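The next block holds one structure in the form of structure tokens; read it before the comments.
Protein chains: 2
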Amino acid sequence: MKKNGAQKNTQKRQAYHHGDVAQQLLAVSEQIIIKKGVEAFSLREAAEIVGVSPSACYRHYKNKLEILKNLASRGLFKLYEYQIKALKKNDGCSCEEEIFVLALAYLQFAQKYPAYFKIMFAPLGVDSRDPSLALGFVAGKGPYGMLLDSVDRWLKKNSIKKNPGTCAVEIWAAVHGMTCLVLNGSIRDEVRKTNSENLLQGIIKTILSGFH
Amino acid sequence: MKKNGAQKNTQKRQAYHHGDVAQQLLAVSEQIIIKKGVEAFSLREAAEIVGVSPSACYRHYKNKLEILKNLASRGLFKLYEYQIKALKKNDGCSCEEEIFVLALAYLQFAQKYPAYFKIMFAPLGVDSRDPSLALGFVAGKGPYGMLLDSVDRWLKKNSIKKNPGTCAVEIWAAVHGMTCLVLNGSIRDEVRKTNSENLLQGIIKTILSGFH
DNA sequence: CCTCAATGTGAACAGTGTTTACATTAAAGT
DNA sequence: ACTTTAATGTAAACACTGTTCACATTGAGG
Numbered sequence: 171m172k173k174n175g176a177q178k179n180t181q182k183r184q185a186y187h188h189g190d191v192a193q194q195l196l197a198v199s200e201q202i203i204i205k206k207g208v209e210a211f212s213l214r215e216a217a218e219i220v221g222v223s224p225s226a227c228y229r230h231y232k233n234k235l236e237i238l239k240n241l242a243s244r245g246l247f248k249l250y251e252y253q254i255k256a257l258k259k260n261d262g263c264s265c266e267e268e269i270f271v272l273a274l275a276y277l278q279f280a281q282k283y284p285a286y287f288k289i290m291f292a293p294l295g296v297d298s299r300d301p302s303l304a305l306g307f308v309a310g311k312g313p314y315g316m317l318l319d320s321v322d323r324w325l326k327k328n329s330i331k332k333n334p335g336t337c338a339v340e341i342w343a344a345v346h347g348m349t350c351l352v353l354n355g356s357i358r359d360e361v362r363k364t365n366s367e368n369l370l371q372g373i374i375k376t377i378l379s380g381f382h
Numbered sequence: 171m172k173k174n175g176a177q178k179n180t181q182k183r184q185a186y187h188h189g190d191v192a193q194q195l196l197a198v199s200e201q202i203i204i205k206k207g208v209e210a211f212s213l214r215e216a217a218e219i220v221g222v223s224p225s226a227c228y229r230h231y232k233n234k235l236e237i238l239k240n241l242a243s244r245g246l247f248k249l250y251e252y253q254i255k256a257l258k259k260n261d262g263c264s265c266e267e268e269i270f271v272l273a274l275a276y277l278q279f280a281q282k283y284p285a286y287f288k289i290m291f292a293p294l295g296v297d298s299r300d301p302s303l304a305l306g307f308v309a310g311k312g313p314y315g316m317l318l319d320s321v322d323r324w325l326k327k328n329s330i331k332k333n334p335g336t337c338a339v340e341i342w343a344a345v346h347g348m349t350c351l352v353l354n355g356s357i358r359d360e361v362r363k364t365n366s367e368n369l370l371q372g373i374i375k376t377i378l379s380g381f382h
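Protein chains in written order, with the working numbering: chain A, 171 to 382; chain B, 171 to 382.
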């Protein structure tokens with residue numbers, strides 16, 4: 171029973187084997203990176219909040235990096251949900267609008283969860299299009315798959331004979347780049363003049379127009 | 171004279187006041203991040219290589235972050251030189267080619283110095299278009315200024331009445347995004363099929379075409 | 001020559017990721 | 001029911017980290 175006065179969290183304090191340390195660790199780590207950023211995330215703090223010793227983490231994850239990798243996967247899924255929700259809100263829209271809705275959700279996700287965005291696209295060795303992640307995605311489609319779908323439909327609708335994959339990657343790159351520049355303040359002035367949403371819409375219009 | 175047997179670096183060991191600790195610190199830090207990555211960079215290691223105590227760093231920089239910020243500025247200048255050299259190699263080319271040359275240099279720089287690229291575009295509070303950096307740049311133009319110039323000329327040449335700044339930012343975003351995705355392995359397959367250079371050329375063609 | 005600001009130092013503090021030998025436990029096998 | 005065993009927890013230690021502080025050394029200017 172040891173020290174039971176004023177524990178950090180009001181959790182069932184089954185001394186040993188408290189069940190789902192792996193999952194709790196992820197949940198707590200998520201909160202930490204969301205609130206304080208990736209660089210402020212420490213294994214020890216997470217462990218303490220979960221109510222477990224630092225070394226316990228190593229029974230469930232190889233090391234700190236593996237926790238971050240798992241968080242990155244979680245973030246990918248979160249983005250996926252974010253985009254699905256955005257699509258549902260704009261049900262029945264044209265596939266051109268669909269592309270924009272997906273892009274906007276991408277940007278807004280990055281703005282809402284910059285830490286997630288960071289680890290998702292940092293070279294940690296997490297493939298954002300990993301098929302093993304697809305299990306969580308409806309029809310095996312993650313963020314990229316959804317974009318590819320919309321782009322494919324748009325190309326067919328406009329009778330454009332271009333490789334859908336190449337086109338989708340170009341849009342992805344543009345959206346990703348714009349998101350990064352907005353996020354790190356590289357184009358502060360432009361955002362002030364118009365706003366990030368307009369910038370995003372602008373670049374997508376340019377690219378779609380360029381596909382013709 | 172303390173321990174003088176087998177020092178880490180064969181440097182003049184003026185005990186005190188050895189002159190340019192600030193600059194040496196930057197130079198050493200640069201080597202560390204290039205060789206081992208940003209996350210492996212430690213103040214103490216840098217200090218030891220320079221031949222100075224860890225606390226000495228704080229006479230020249232507020233903290234570790236400020237060293238990274240200085241490195242980011244240095245990286246910006248390095249990119250600028252990289253692009254200047256690329257332009258000189260392709261002297262007298264069309265402004266469309268110029269845009270591509272600049273973009274390619276951007277990508278190649280990122281591939282050669284991923285650590286630099288990372289800190290340059292991480293939200294450390296370093297403005298990649300900071301006028302105070304412009305002093306080092308010929309005619310006050312950094313990487314963005316050069317791109318803006320080429321884009322402006324291209325627009326005029328093609329009699330396109332679009333805001334050059336907006337167009338330049340769109341190209342920047344596309345190039346930056348493609349560079350990020352290539353760098354972190356998000357589009358490994360596509361790179362394998364063609365190569366990063368072709369992907370870059372493709373997206374620029376699309377965007378320029380979209381400006382028409 | 002003396003002063004003083006600039007620059008260097010060692011020691012300490014609080015924190016980090018990780019490994020180790022050891023402890024506890026729930027469930028499986030007899 | 002009892003024992004074994006693998007999973008899961010622990011404390012303690014190691015080798016680091018960034019940062020601060022009181023103190024030491026120095027070169028240059030009054």
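Virtual Cβ for every residue (Gly too), placed ideally from N, Cα, C.
Remember, it's a predicted structure, so these values are computed and weren't measured experimentally.
Under 6 angstroms Cβ to Cβ from residue i, same chain only, skipping five residues before and after it: list those, please.
i: Tyr283 of chain B; result: none
i: Ala343 of chain A; result: none
i: Val321 of chain B; result: Pro334, Cys337 and Ala338
i: Lys173 of chain B; result: Because the pLDDT of Lys173 of chain B is 30, which lies under 50, any placement of that residue in the model is unreliable, and the number read from its coordinates should be weighed accordingly. Cβ neighbours of Lys173 of chain B beyond the five flanking positions: none.
i: Ala217 of chain B; result: Pro224 and Cys227
i: Cys265 of chain B; result: Ser320, Arg323 and Trp324
i: Gly306 of chain A; result: Phe247
i: Ile203 of chain A; result: Phe211 and Ala285
Assign residue i to one of three DSSP states: helix, strand, or coil.
i: Thr336 of chain B; result: helix
i: Thr364 of chain A; result: coil
i: Ile330 of chain B; result: coil
i: Lys232 of chain B; result: coil
i: Ile357 of chain B; result: coil
i: Ile260 of chain B; result: A small fix is needed here, since residue 260 of chain B is Asn in this sequence, not Ile. The answer is coil: DSSP assigns Asn260 of chain B none of H, G, I, E or B.
i: Gln371 of chain A; result: helix
i: Ser243 of chain B; result: helix
i: Arg299 of chain A; result: coil
i: Ala292 of chain A; result: coil
i: Phe211 of chain B; result: coil
i: Gly189 of chain A; result: coil
i: Val222 of chain A; result: coil
i: Tyr283 of chain A; result: coil
i: Phe307 of chain A; result: coil
i: His346 of chain B; result: helix
i: Gly315 of chain A; result: helix
Taking Cβ-Cβ distances shorter than 9 angstroms, what residues in chain A pair up with residue i?
i: Leu369 of chain B; result: Thr336, Val339, Glu340 and Ala343
i: Gly245 of chain B; result: The premise fails here: Gly245 of chain B is roughly 14 angstroms from chain A at the closest Cβ pair, so nothing lies under 9 angstroms.
In chain order, what residues of the same chain lie with their CB nearer than 7 angstroms to the CB of residue i, ignoring the 5 residues before and after it?
i: Gly207 of chain B; result: Ala285
i: Gln371 of chain B; result: Phe270
i: Ala275 of chain A; result: Tyr252, Gln253 and Ala256
i: Val191 of chain A; result: Val220, Val222, Ala226 and His230
i: Glu267 of chain A; result: Asn260
i: Ala273 of chain A; result: Val345, Leu370 and Ile374
Starting from residue i, find everything on chain B with Cβ-Cβ shorter than 8 angstroms and list it in chain order.
i: Asp297 of chain A; result: Gly355, Ser356 and Arg358
i: Gly372 of chain A; result: Thr336 and Glu340
Just the chain B side, please: which residues come within less than 9 angstroms of residue i by C-beta, in chain order?
i: Phe381 of chain A; result: Thr376, Ser379 and Gly380
Counting only the same chain and skipping the five closest in sequence on each side, list residues whose C-beta sits under 8 angstroms from that of residue i.
i: Ala176 of chain A; result: Only weak support exists for where Ala176 of chain A lies, its pLDDT of 30 falling under 50; the coordinates are left without a value.
i: Leu369 of chain B; result: Met348, Val352, Ile357, Glu360 and Val361
i: Ile377 of chain A; result: Glu340, Ile341 and Ala344
i: Leu196 of chain B; result: Ile237, Asn240, Leu241 and Arg244
Applying a beta-carbon distance threshold of less than 7 angstroms, which residues of chain B neighbour residue i?
i: His346 of chain A; result: Gly347, Cys350 and Leu351
So does residue i have its beta carbon nearer than 8 angstroms to some heavy atom of the ligand NAP?
i: Pro284 of chain A; result: Here there are no bound small molecules, and the ligand NAP is not part of this structure.
The segment 349 to 360 of chain B: which residues have C-beta closer than 7 angstroms to a C-beta of chain A, in chain order?
-> Cys350, Leu351, Leu353, Asn354, Gly355, Ser356, Ile357 and Glu360
Short-range partners of chain B found in the segment 283 to 295 of chain A, where Cβ spacing is below 7 angstroms | Phe291, Ala292 and Pro293
Mind the definition here: the segment 343 to 358 of chain B touches the segment 344 to 357 of chain A only if three or more C-beta pairs lie below 8 angstroms; say whether that holds.
-> yes
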